[in-house]
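Worksheet: the structure to be examined is printed underneath.
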Amino acid sequence: CDRALGETEIDAFGRTYDVMAGINFIADVGDELGGLLSLAIDRGEAVIVLLSVYPDWQGKGLGSALLRAAMGYAREHGLPLLRVAVSNDDIPLLYFYQRHGFVIAEIAVGKLVDDAGAAVAGFSGILSRDEIRLHRPVCEHR
């Protein structure tokens, strides 16, 4: 987490989550760390605080495997919903979550500007302004 973001506290949904206090799923590839998904329980729901796959391992299914592990954990613990927040500039991550059944539930317009004091350039130079909040049920209804 420190390597990817330089900190262990993540702000999302108007709260601060500490990755070190989370339920962490680690993707080991041989003797290397390939990625991490940190999960928190908040108000009876599972919240993905952080999903990070190192560049050398992206596109190899590690993110999907970590997400499946988090879904399994939530299912086993009777948590009905999995939530995640993504910045508006993170197009690859937004694509990833939607491909895995997440839908946009809410957009906190200007949230990142309010938190940082200004819009900052993010992915591909897109200004990071808004927090896009997505969710998906843990169990599919048939």
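Our numbering applies: residue 70 is where the sequence shown begins, and numbers increase by one.
Note that CB positions come from ideal geometry on N, CA and C, so glycine has one too.
All of these numbers come straight from a predicted model, not from anything done at the bench.
Rounded to the nearest angstrom, the gap between the Cα atoms of residue 114 and residue 189 is 30 Å. Exposed is the label assigned to residue 173, since fewer than 16 other Cβ atoms lie within 10 Å of its Cβ. Put simply, of 139, 156, 123 and 193 the residue whose alpha carbon is nearest the alpha carbon of residue 148 is 139.
Judged by DSSP in its simplified three-state form, residue 101 adopts strand. A residue is called buried when at least 16 other Cβ atoms come within 10 angstroms of its Cβ; residue 90 does not meet this threshold and is exposed. The way I'd put it, the region 107 to 121 does touch the region 141 to 157; three or more beta-carbon pairs between them come closer than 8 Å. Here residue 176 is exposed, its C-beta having fewer than 16 other C-beta atoms within 10 Å.
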